[in-house]
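So the structure is just underneath, and the comments pick up after that.
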Amino acid sequence: MQIRKIVIAGGGTAGWMSAAGLCRLLKPLGLEICLVESEQIGTVGVGEATLPHMRFFNRTLGLDERELMAATNATFKLGIEFRDWGRIGDSYIHPFGDYGPVDQAIPFHHVWHRMKEEGLSERIDDFSLPVRMSERGKFGFPSEDAESLMSTFSYAYQLDASLYAKFLRRFSEANGVKRIEGRIMAVDRDGESGHIRALNLESGERVDGDFFIDCTGFRALLIGKELGAKFVDWSHWLPCDRAIAVACEKTGESLPYTRATAREAGWQWRIPLQHRTGNGHVYCSEFMEDQAAEDILLTTLDAKAISEPNRLRFKAGMQDRQWIGNCIAVGLSSGFLEPLESTSIYLIQAGITAFAELMPAGGIDQRDVDEFNRVMQLEYDRIRDFLVLHYHATERDDSPFWNYVRTMSIPDTLKEKMDLFKSRGVVQEYKDGLFLHPSWIAVYLGQRVMPEARDPRVDALSKAELSAMMKETAEIERLLNDCKGHETALAEFCGQRAAAYS
Amino acid sequence: MMRTVSILGGGLDAWLAALFVSRKLEGLCERVVVVAPEASEARGGVVAYPQSRSLLANLGLSEETLVRETDGAFLLGAQFGAAPGYVTAFGSYGAPANSVPFHHYWTRLKEAGRAAPFDAYSLGAEMARHGRFVHPSNDPKRLESTFGYGVALDRTQLAALVESKARASGVKTADAPPDDAWLQIDVRPLAGDALAPWADLPPMAGKTLDSLDQRAPNLSCWKIEGSPDALLVSLPSRSRTHRMILGAENKQAAGRVAKPWSGNLVSVGRASHRLPGAMQTDLMVLLAELDLLASLLPADGQPLEIVGHEYNRRATRMMDYVADMEALVMGAGRAERAVSSPSLTRRIEQFRSRGRIVTYDDELFSEQDWIAALVGFAGVPERVSPLALGAPIDAVAHNYDGFRQAVGRAVSRLPDQQTYLSHLLETAGAS
Chain A
826 MQIRKIVIAG
836 GGTAGWMSAA
846 GLCRLLKPLG
856 LEICLVESEQ
866 IGTVGVGEAT
876 LPHMRFFNRT
886 LGLDERELMA
896 ATNATFKLGI
906 EFRDWGRIGD
916 SYIHPFGDYG
926 PVDQAIPFHH
936 VWHRMKEEGL
946 SERIDDFSLP
956 VRMSERGKFG
966 FPSEDAESLM
976 STFSYAYQLD
986 ASLYAKFLRR
996 FSEANGVKRI
1006 EGRIMAVDRD
1016 GESGHIRALN
1026 LESGERVDGD
1036 FFIDCTGFRA
1046 LLIGKELGAK
1056 FVDWSHWLPC
1066 DRAIAVACEK
1076 TGESLPYTRA
1086 TAREAGWQWR
1096 IPLQHRTGNG
1106 HVYCSEFMED
1116 QAAEDILLTT
1126 LDAKAISEPN
1136 RLRFKAGMQD
1146 RQWIGNCIAV
1156 GLSSGFLEPL
1166 ESTSIYLIQA
1176 GITAFAELMP
1186 AGGIDQRDVD
1196 EFNRVMQLEY
1206 DRIRDFLVLH
1216 YHATERDDSP
1226 FWNYVRTMSI
1236 PDTLKEKMDL
1246 FKSRGVVQEY
1256 KDGLFLHPSW
1266 IAVYLGQRVM
1276 PEARDPRVDA
1286 LSKAELSAMM
1296 KETAEIERLL
1306 NDCKGHETAL
1316 AEFCGQRAAA
1326 YS
Chain B
2 MMRTVSILGG
12 GLDAWLAALF
22 VSRKLEGLCE
32 RVVVVAPEAS
42 EARGGVVAYP
52 QSRSLLANLG
62 LSEETLVRET
72 DGAFLLGAQF
82 GAAPGYVTAF
92 GSYGAPANSV
102 PFHHYWTRLK
112 EAGRAAPFDA
122 YSLGAEMARH
132 GRFVHPSNDP
142 KRLESTFGYG
152 VALDRTQLAA
162 LVESKARASG
172 VKTADAPPDD
182 AWLQIDVRPL
192 AGDALAPWAD
202 LPPMAGKTLD
212 SLDQRAPNLS
222 CWKIEGSPDA
232 LLVSLPSRSR
242 THRMILGAEN
252 KQAAGRVAKP
262 WSGNLVSVGR
272 ASHRLPGAMQ
282 TDLMVLLAEL
292 DLLASLLPAD
302 GQPLEIVGHE
312 YNRRATRMMD
322 YVADMEALVM
332 GAGRAERAVS
342 SPSLTRRIEQ
352 FRSRGRIVTY
362 DDELFSEQDW
372 IAALVGFAGV
382 PERVSPLALG
392 APIDAVAHNY
402 DGFRQAVGRA
412 VSRLPDQQTY
422 LSHLLETAGA
432 S
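Chains as they are written, first to last, in the numbering used here: chain A, 826 to 1327; chain B, 2 to 432.
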């Protein structure tokens, strides 16, 4: 059966990203795409903090960056600051960029290890332009000149996800996507194949289609309830299962990074937007009462709260199959990984891209289904390991929660990675997957996982060679002087349009 | 600490390993010893893949040195079958449209009976077929930027060159392994049965027939002819042709060792794996193994288990994927064949299903390499990306006919490699 009509069940970030992505990526096919959503059902509004990959998605859609940032109250994001994770009082930034000269045969963190020993350098952060930019509250656009240090980093956005969804809704509707208001009451399936034929709405309207995208959030109405995907529970590795979100007034200049502060039984986010600051407390209900979690959040805000606390419940894990029959799951219906590394929007994007690459030509082919499920499983597994690392690589013993995560058993795949790094500073590399070498280095070193031994080739470097590499820190400082303050950079880039939106 | 590295075995592999250790681990290994260097070097040719060029240059073996001193010639790919045959070139085929790779459109054209051979849409393949060569352009907008190149070398001359450089770097020889070796690198050909056989490859071994003192008519590609049971591989160097027959005469199963790193002994090159040799990957794999080894060397007094385990995980995957490619071009992709390698099975299945190219971590071959091989040896995909179906077939044909004609015009303008090489060597010599 030729696919002529795709029905997206659910709006929100996942639904409208799917609509926008597919109407653009699959435009040559002339498909009919419609999205069913109900204003009665709220959206989680995941992913206020994003990753650089999102810029490529937006570019593929042909979105104007200034317009987008203005419409979503976005700020620039160069990384995430982690406070109190390795020990209380510790702080490090996981940047979107490299450390040190990248054209070396020896990975730079080994060189830095020796520099530290020689008393030449205290912080690897001094070799990272995005870290230093973040620390100074500055921003500059990356260069395309591969010879320039300004080419060694990337950036993302901190934005209002609900406004982003609205922005994409306008884009999608302008590009032919039909929105249907309504609550899904029942799913009509083919008796023989089990494929979904239509969604029956509360209004009595029947929305039929050839292929369905489940963006119904945690309910997983199609992929889970109807088609029987099983949720693979990872809460023994990622035990946080609650979050409270609240916005507060903006104070001072917005910073070009997100902050994640470890708390007694979880962690707290702080995401600076142009007009307000997003905050949230992610915690484990086994170790903390809801009210206590809310109290911690409300008493640690920068300024006065400007919204009512929004409570969320979740469980870490993923559906064992994200494509069944003529339906895929995108967003929270496909699984959930807490927003510690801002991966929610990335996973939506990954699902849309994989589907566009594997979209059936003619009937559903099980080989496409298997490949989609393999690719998404790989994405989830590798992000999961990276998130678990943040909890497990800690010296904190000040609460039952930290004692649990510090001593828990971890996935074998992560254990292998950590053992390798601890013993010899080797970062296990892979081609497919989100977090690459610099990300792992940031978290390992930031959380005091120091290798017992370094690459022995480093010991053959002369002091003159080490000193020559030290010059990069001076070059970074020189470049920083040319960068503008983040607030100024924002105002110059999209200030006028932002004023129009406000 | 005085570290001694001993290289067990002789010939090109041994001297290359010795040179690698003495140059890349300079200051770390004070003594490098080649044990049993008298092992005779196999005659014939050897291929430096594009992936290996920079590593060789780091060892003091620039492409100019290689071409000048080892009777070298630039290689653009391999030709399978008698002329015109099918050429797997280093580089791209066609150009994507709507973000969809060219082979999807080519599949449509083929179904419509309007496709030229796939390799006619590759500048690298057409240059290889016609014996042309220039260095690629750095401007990504130009057609002349779409190909890569390796170098074909005379094995005996290369071994002599590498040995002289290794000795100049302080490498010594010995009759017996030193007792105090920190690390031993074994390059001796794998004896007996491989512990992890590659069942998709026929049990055959390469045997050098001769090196003809007759200049190859085409320097830009090597040729593989015959049947899967007995293949003749002809590899050019600048002044002669090296011929090797791959046959079942020796009945040595293809495969690899299960754990190339054990204790302080690391098996690389012919000691780690045995392949028939159609794809001439020996040098590429050896250099990649040495590079991996250097990146995982243990620190003083450190237990080897963890780094050894990581080396084995990555090196065995790397070898298995190279074996996938060798098996594919030797017939594993034929429709009637059952394939046992899970990774190759997935590659073939996904390609036949809808032209999807599956690649893995630790691959030595690029996605482009796999496209060329899968189109040539795994049949035509049953389906293409729906995105390739949007444009009318006439428009697709018009677009890619134009591309193919541009390839043809470019090839006709480019010099014959003999001419190019002569000029290059003269110019370099003069400067």
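For glycine and all other residues, C-beta sits at the position ideal for the given N, C-alpha and C.
Check	Outcome
Span of the beta strand (DSSP E), counted from its first residue to its last, around Ser7/B	5 to 9
Start-to-end residues for the beta strand (DSSP E) that takes in Val163/B	Premise fails: Val163/B lies in the alpha helix (DSSP H), 156 to 169, not in any beta strand (DSSP E).
Reduced DSSP secondary structure (H/G/I, E/B, other) of Phe1043/A	helix
Helix, strand or coil at Glu1241/A according to DSSP, with G and I counted as helix	helix
The stretch 1216 to 1225 of chain A in contact with the stretch 1173 to 1193 of chain A per 3-pair CB rule at 8 Å	no
Separation of Ser170/B from Val68/B, as counted between CA atoms	21 Å
Boundaries of the beta strand (DSSP E) in which Gln1144/A is found, first to last residue	1142 to 1144
Test: Tyr1171/A CB closer than 9 Å to a CB of chain B	no
N- and C-terminal bounds of the beta strand (DSSP E) containing Ser238/B	Counting along the chain, Ser238/B falls outside any beta strand (DSSP E), and DSSP gives it neither H nor E.
Touching by the beta-carbon criterion (3+ pairs, under 8 Å), the stretch 895 to 908 of chain A and the stretch 974 to 988 of chain A	yes
Residues that Tyr1216/A contacts on chain B, provided the C-beta gap is smaller than 7 Å	The contacting residues do not exist; Tyr1216/A stays about 23 Å from chain B at best.
Test item: CB-CB of Asn1151/A and Leu1122/A under 9 Å	no
In chain order, each beta strand (DSSP E) run of at least 3 residues that lies wholly inside the stretch 918 to 995 of chain A	981 to 983
Assigned exposure category for Ala1070/A - 16 Cβ within 10 Å defines buried	buried
Residues of the stretch 1176 to 1193 of chain A whose Cβ lies closer than 9 Å to any Cβ of chain B, in chain order	Ala1181, Glu1182, Leu1183, Met1184, Pro1185, Ala1186, Gly1187, Asp1190, Arg1192, Asp1193
Min CB distance Arg1282/A to chain B below 9 Å	yes
Classification of Gly12/B by the beta-carbon crowding that lies within 10 angstroms, buried from 16 upward	buried
Rounded separation between Gly944/A and Glu1277/A - CA only	18 Å
Near-chain B residues of the stretch 1287 to 1298 of chain A - C-beta to any C-beta below 8 Å	none
Where the alpha helix (DSSP H) through Cys1152/A begins and ends	That residue, Cys1152/A, is in no alpha helix (DSSP H); its beta strand (DSSP E) goes 1152 to 1154.
Alpha helix (DSSP H) runs wholly inside the stretch 835 to 893 of chain A, at least 4 long, in chain order	837 to 850, 878 to 886
C-alpha distance - Glu1030/A paired with Ala1128/A, whole-angstrom precision	46 Å
N-terminal and C-terminal residue of the alpha helix (DSSP H) that His399/B is part of	394 to 414
Alpha-carbon spacing of Ser354/B relative to Trp371/B, whole angstroms	15 Å
Asp1284/A versus Leu298/B - alpha carbon distance	12 Å
Distance between Phe75/B and Ser63/B (C-alpha atoms, nearest Å)	13 Å
Interface residues of the stretch 354 to 374 of chain B facing chain A [CB-CB below 9 Å]	Ser354, Arg355, Arg357, Val359, Thr360, Tyr361, Asp362, Asp363, Glu364
CA nearest to the CA of Ile1038/A, picked from Asp1257/A, Gly836/A, Arg1249/A, Ser1248/A	Gly836/A
Euclidean distance between Cα positions of Arg1273/A and Gly334/B	49 Å
Contact between the stretch 214 to 225 of chain B and the stretch 235 to 249 of chain B (3+ Cβ pairs under 8 Å)	yes
Proximity of Val34/B and Ala175/B at Cβ, strictly below 9 Å	yes
Chain-ordered chain B contacts of Glu1196/A [CB-CB under 7 Å]	Gln351, Arg357
Whole-angstrom distance between Thr1168/A and Lys906/A, CA atom to CA atom	For clarity, residue 906/A is Glu in the given sequence; the question names Lys instead. Cα to Cα, Glu906/A sits roughly 15 Å from Thr1168/A.
Where Met326/B falls: helix, strand or coil (DSSP)	helix
Under 9 Å (Cβ pairs) to chain A, residues found in the stretch 289 to 309 of chain B	Asp292, Ala295, Ser296, Leu297, Leu298, Pro299, Ala300, Asp301, Gly302, Gln303, Pro304, Glu306, Ile307, Val308
Contact under 9 Å by Cβ, Leu1137/A with Ala1068/A	yes
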